[in-house]
Each structure stands twice: as structure tokens, then as C-alpha cells.
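Enquirer: Chains as they are written, first to last, in this note's numbering: chain A, 331 to 514; chain B, 331 to 514.
After the C-alpha cells below, expect a handful of questions from me.
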DNA sequence: GTGTAGTGTCTCAGATTTGTGACATAATTA
DNA sequence: TAATTATGTCACAAATCTGAGACACTACAC
């Protein structure tokens, strides 16, 4: 079933997001399959990792793109895209993490990197518009805001994991912290 | 030399913060020693990890405690302690990460956990005071703010790593994002 | 029922990681 | 200089992780 492949990918994103070098057995366990089954779907660790990235980019890029075109003006867009990003959850943060690793040399030549850049192109473009319009605090930089955004997503995920807040409540808090935090 | 032990610990914190299951060779490399030397100072991975936690708690607890007593009132304290936390950098975030791992069951009985709680006792106590006084947005919870704080530290660290902003500038931005983000 | 697709179990070889012993070398101190 | 200390090099066994073959079992389709 295609279902198994998908659930392994989802499991891998969760596990690797916490522990990049975690043994594949952990991923298999989380996906409730055997390591043997995992290997039937993915040749090796690298292939699994690649599929994870592909999956993430697909999901995030679509969500962000939809959100972008769903709104009419930059200010509204920001909020819509913010919630879209929240809903991508750990997919979002994992991708971001991979591209900010200390030994990761970000370069446009690398296809992975350029795809990463592309995933957040609309988002960052919109940020830039709001920055030049003065809607966002002028001292900010696009990169700071983007990192800050990713961080707030992590806070949101945490709050959901330990079940301290219900989803709607947490979403509200997240938007509050983010929007105020960038000076809106 | 005590120096070597310390630099291995520092290296381990940096490496493990990015990749919890990273091979010890990576830690040794970062510390510019051989794996053999690393093992002379630390019996095994677990002992190294424990020493890391001890080091972190010592550094963070002292920094936070100093900051606490250096200020006269809760509002001022918040800012002083915030900067103290920033300066602890990845020590701060690594400790927090360890105690929010998905399979980590936080419990007071566990000595590690109670020490962790103690490290941020003053900080959280002060947050609670500001919350009940209404200085901080009432919809917030102490846990949310604490997680949010940790996230902002990550943003700060990132900005320092890629050298996008100088330290003073980044500190200012961090405080802005944090304080506004909790509704001050 | 028979066939087929998906998965689990068991097994195993190869790779990687880990921890340590033995000894050499460089640096420091007496 | 001689002794001591810290570290590096090499070697090695044990443990763990990885990827795959062989075969059994289950469910579902025909």
C-alpha cells in the first residue's frame, strides 16, 4: 500500500526532526512496521531522507502557495501564510533545520537548496513587501523574521505535544507572539 | 589539563544540540582532540552527556540567578534574565531540548528533571509574578512563555552563526521579538 | 480455492561506532 | 637532564546499525 510508505515518511520526519542520526529502527517503530518493511520501501537512509525532503517541500510549498493566493493584500497574506506554516508543523521546522545545520553549506547550485529557497520564496517576498511598506518594524530583516517564524512553529508544536493548550488556543497565541514579535 | 575536558564538553554541547546521536568522533573533531583522548576524560557516551548537563545547569543556573538578584523589580528582572539566557546560548537550548524530547517523560522523581526545573525556577517564578500583575498579556501561560523564550534564543544563535547580524544588534532584536511577543 | 501483494520473522554479512590496551611522542615540571 | 603528564597513533574486540535473502503468514481479489 502507498499508505505504508507515507506513514514511514511521516514517522521519519518526526524522529529525524528530534534526532538526525537516530537508528532506522526507531523510525520503523514509530511507523509501526518492521525495519525490514522500511527497507522494502526505501533503499537506504539517504533515499528515505530525500523522500522526506521531497514530501515536506511538496506539502509546505502547496500550503504556502495556496495561502498566498487566497489573500488579497500583503498584511492579510502574512496571517494566512503564517497559519498555513503552523499547520505544516514539524515538516516546516525539519526542513528549516536541515538547511541551517552548522556543516550545511547553503548554495544555490545545490538543487536541494534552491528548492528550499523556492519553498519560502513567496513567504519571504511578502515579508519584504511588508518591510518596505513599514508595516513590520523596520529594524527587522527578512532572515530574522523567517527564523523567528520557524521558532514560533516549534513552540506551537511543543504546546500540542504536551497537550497543554488546545489547538485553536495555541494558534491564537502563536499568531499573537509572532505578529507582535515582528512589530505589527 | 582541565582545559581539554572543558573544551570537549563545549564541543559536545554544540554537536549534540544539532544531532543527538552524532558519533563521538564528531565531538572529538570539534574539540580538536582524538577520540582516544575524549575517552580518557569520559568513560562513555552517557558520562559525557551527564557532564554536559551538569555543566549547562551550572552555567545557566548561575547566570539566571545572578540576573535575578541584580534587578530590583520583576519587570526589570525579566529583561536582565532574558539577556542572561541569551548569553547562555546553546547551553540553554540544549538543556531545554533534552527535556522536551518526545520520549522523555518529565518527572520530579528523576533527579535530572528536578534539577532542570530548579534551573528555571526563578525565571518562571518571575514570569508568574508578571502574569498575575497583568504586565504580560493575560492569555499567556508560563510554559508558553518559557518555550517561546527558548525559541528566541535559537533565533539569536542562528543569527550569530551565519554572521548576519552583529551581537549587539541581534540582542536588541531578540529582546524586541520576545517582549512584544508576550505582550509587554 | 488459488493467486497475489504486503508484511513479519529469522538470518546473516558488512559497515560503523565504541571503548580500551600498548606504546610513541610532545610538552611541562622538577 | 630526567621524570612526569597529556596527547596521539595503531590495533583490536565488542556492540550496534545497516541492508538484503529466504521463507512463512495474512488478507484480499479473482
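Note that beta-carbon positions come from the ideal geometry of N, C-alpha and C, so glycine has one too.
(1) By the criterion of Cβ-Cβ separation under 9 angstroms, what are the contact partners of residue 491 of chain A in chain B?
(2) Ordered along the chain, which non-local residues of its own chain (more than five positions away) have a Cβ less than 7 angstroms from that of residue 500 of chain B?
(3) Among A:340, A:336, A:348, A:513, whose alpha-carbon lies nearest the alpha-carbon of residue 424 of chain B?
(4) Are there 16 or more other CB atoms within 10 angstroms of the CB of residue 492 of chain A, so buried, or fewer, so exposed?
(5) Taking only beta-carbon atoms, is residue 342 of chain A less than 8 angstroms away from chain B?
(6) Taking residue 431 of chain A as the reference, give the member of A:350, A:509, A:398 with the closest Cα.
(7) Compare the C-beta of residue 510 of chain A with all C-beta atoms of chain B and state if any pair is closer than 8 angstroms.
(8) Give me the Cα-Cα distance between residue 346 of chain B and residue 403 of chain A, rounded to the nearest whole angstrom.
(9) I'd like to know if residue 422 of chain A contacts chain B, where contact means its C-beta is closer than 8 angstroms to some C-beta of that chain.
(10) Starting from residue 410 of chain A, follow the alpha helix (DSSP H) in both directions and report where the run begins and ends.
(11) Along chain B, which residues have their Cβ under 7 angstroms away from the Cβ of residue 462 of chain A?
(12) Could you pull the start and end residues of the alpha helix (DSSP H) that residue 455 of chain A belongs to?
(13) Hey, would you say residue 407 of chain B sits closer than 8 angstroms to residue 398 of chain B, going by beta carbons?
(14) Using three-state DSSP, classify residue 383 of chain A as helix, strand or coil.
(15) Of the choices A:370, A:342, A:366, A:389, whose alpha-carbon is the least far from that of residue 422 of chain A?
(16) Hey, out of B:336, B:335, B:356, B:338, whose CA is closest to residue 433 of chain A's CA?
(17) Using only CA atoms, which one of A:411, A:378, A:461, A:468 lies nearest to residue 452 of chain A?
(18) Pull up the distance between the alpha-carbon of residue 495 of chain A and that of residue 502 of chain A, whole angstroms please.
(19) For a contact defined as C-beta to C-beta under 9 angstroms, what are the partners of residue 485 of chain B on chain A?
(20) Would you kindly work out how many angstroms separate the C-alpha atoms of residue 393 of chain B and residue 353 of chain B, rounded to a whole number?
(21) Closer than 7 angstroms, Cβ to Cβ, to anything on chain B: give me those residues from the stretch 345-361 of chain A, in chain order.
(22) Out of B:426, B:367, B:468, which one is the CA nearest neighbour of residue 387 of chain B?
(23) Rounded to the nearest angstrom, what separates residue 458 of chain A and residue 472 of chain A at their Cα positions?
(24) Count the other CB atoms, across all protein chains shown, that sit within 10 Å of the CB of residue 440 of chain A; report buried if there are 16 or more and exposed otherwise.
(25) Flag residue 449 of chain A as yes if its beta-carbon sits less than 8 angstroms from any beta-carbon of chain B, otherwise no.
(26) Between the Cα of residue 361 of chain A and those of A:507, A:343, A:454, A:375, spot the shortest distance and give me the residue it belongs to.
(27) Can you pull the chain A neighbours of residue 488 of chain B, defined as C-beta to C-beta under 8 angstroms?
(28) For residue 463 of chain A, I'd like the list of residues in its chain whose CB is within less than 6 angstroms of its CB, leaving aside the five on either flank, ordered along the chain.
(29) Cα separation between residue 385 of chain B and residue 455 of chain A?
(30) With distances taken from CA atoms, which of A:445, A:375, A:382, A:513 is nearest residue 420 of chain A?
(31) Excluding the 5 residues preceding and the 5 following residue 467 of chain A in the sequence, name in chain order all residues of the same chain whose CB lies nearer than 7 angstroms to its CB.
(32) By alpha-carbon positions, which one of B:445, B:333, B:480 ends up nearest to residue 371 of chain B?
(33) Please state whether the Cβ-Cβ distance between residue 508 of chain A and residue 482 of chain A is less than 8 angstroms.
(34) Looking at chain A, which residues of the stretch 372-389 of chain B have a Cβ within less than 8 angstroms of any of its Cβ atoms?
(35) In the DSSP assignment, find the alpha helix (DSSP H) that holds residue 363 of chain A and state where it starts and stops.
Expert: Reading it off the structure:
(1) Walking along the first chain from the start, residue 491 of chain A turns up at place 161. Per Cβ cutoff of 9 angstroms: 430, 432.
(2) One-based indexing of the second chain puts residue 500 of chain B at position 170. Same-chain partners within the cutoff: 486, 489, 490.
(3) Looking up residue 424 of chain B in the second chain gives position 94. Among A:340, A:336, A:348, A:513, the Cα nearest to that of residue 424 of chain B belongs to A:348.
(4) One-based indexing of the first chain puts residue 492 of chain A at position 162. Residue 492 of chain A is exposed by the Cβ-count criterion.
(5) Your numbering for residue 342 of chain A matches position 12 in the first chain. With 8 angstroms as the cut-off, residue 342 of chain A does not count as an interface residue toward chain B.
(6) By 1-based counting over the first chain, the position of residue 431 of chain A is 101. Looking at the Cα atoms, A:350 is the closest of the given residues.
(7) Locating residue 510 of chain A in the first chain gives position 180, where the first residue counts as 1. Chain B contact via Cβ: present.
(8) For the purposes of this step, residue 346 of chain B is taken as residue 16 along the second chain, with counting starting at 1. For the purposes of this step, residue 403 of chain A is taken as residue 73 along the first chain, with counting starting at 1. Taking the straight line from one Cα to the other gives about 42 angstroms.
(9) The residue you call residue 422 of chain A lines up with position 92 of the first chain. Answer no: the Cβ-Cβ gap between residue 422 of chain A and chain B never drops below 8 angstroms.
(10) The residue you call residue 410 of chain A lines up with position 80 of the first chain. First-last of the alpha helix (DSSP H) with residue 410 of chain A: 404-428.
(11) Translated into positions along the first chain, residue 462 of chain A becomes position 132. Per Cβ cutoff of 7 angstroms: no residues; residue 462 of chain A is ~18 angstroms from chain B at best.
(12) By 1-based counting over the first chain, the position of residue 455 of chain A is 125. 451-463 is the span of the alpha helix (DSSP H), which, as asked, contains residue 455 of chain A.
(13) Residue 407 of chain B sits at position 77 when you count from the first residue of the second chain. Residue 398 of chain B sits at position 68 when you count from the first residue of the second chain. Contact: yes.
(14) In the first chain, the residue the question calls residue 383 of chain A occupies position 53. Helix.
(15) Within the first chain, residue 422 of chain A is the residue found at index 92, counting from 1. Residue 422 of chain A has its Cα closest to that of A:389, out of A:370, A:342, A:366, A:389.
(16) Start at 1 with the first residue of the first chain, and residue 433 of chain A comes out as number 103. Comparing Cα positions, the closest option is B:356.
(17) If you number the first chain from 1, residue 452 of chain A lands on position 122. If we check each option's Cα against that of residue 452 of chain A, A:411 comes out closest.
(18) Residue numbering aside, residue 495 of chain A sits at position 165 when the first chain is read from its first letter. Residue numbering aside, residue 502 of chain A sits at position 172 when the first chain is read from its first letter. Their Cα atoms are separated by approximately 11 angstroms.
(19) Residue numbering aside, residue 485 of chain B sits at position 155 when the second chain is read from its first letter. Those are 474, 477, 478, 480, 481, listed as they occur along chain A.
(20) Against the second chain, residue 393 of chain B aligns to sequence position 63. Against the second chain, residue 353 of chain B aligns to sequence position 23. Their Cα atoms are separated by approximately 30 angstroms.
(21) 348, 349, 350, 351, 352
(22) Within the second chain, the letter at position 57 stands for residue 387 of chain B. Minimum Cα distance to residue 387 of chain B is reached at B:426.
(23) Taking the first chain and counting its residues from 1, the one referred to as residue 458 of chain A is at position 128. Taking the first chain and counting its residues from 1, the one referred to as residue 472 of chain A is at position 142. Each residue's Cα considered, the two are about 6 angstroms apart.
(24) Taking the first residue of the first chain as position 1, residue 440 of chain A is located at position 110. Under this definition residue 440 of chain A is an exposed residue.
(25) As a first step, residue 449 of chain A is located in the first chain; it is residue number 119 there, counting from the start. No, its Cβ sits nowhere closer than 8 angstroms to a Cβ of chain B.
(26) Residue numbering aside, residue 361 of chain A sits at position 31 when the first chain is read from its first letter. Among A:507, A:343, A:454, A:375, the Cα nearest to that of residue 361 of chain A belongs to A:343.
(27) One-based indexing of the second chain puts residue 488 of chain B at position 158. Residues of chain A passing the Cβ test: 430, 477.
(28) Here residue 463 of chain A refers to the residue found at position 133 when the first chain is read from its first residue. None.
(29) What you label residue 385 of chain B is simply residue 55 of the second chain in a count that begins at 1. What you label residue 455 of chain A is simply residue 125 of the first chain in a count that begins at 1. Looking at the two C-alpha atoms, the distance is approximately 42 angstroms.
(30) Along the first chain, read from residue 1 onward, the residue named residue 420 of chain A stands at position 90. Closest option to residue 420 of chain A, Cα to Cα, is A:382.
(31) The count along the first chain starts at 1 and reaches residue 467 of chain A at position 137. Around residue 467 of chain A: 512, 513.
(32) Mapped onto the second chain, residue 371 of chain B falls at position 41. Nearest option by C-alpha distance: B:333.
(33) For this step, residue 508 of chain A is matched to residue 178 along the first chain. For this step, residue 482 of chain A is matched to residue 152 along the first chain. A contact, by the Cβ cut-off of 8 angstroms.
(34) none
(35) Along the first chain, read from residue 1 onward, the residue named residue 363 of chain A stands at position 33. Where residue 363 of chain A is concerned, there is no enclosing alpha helix (DSSP H), given that its DSSP letter is neither H nor E.
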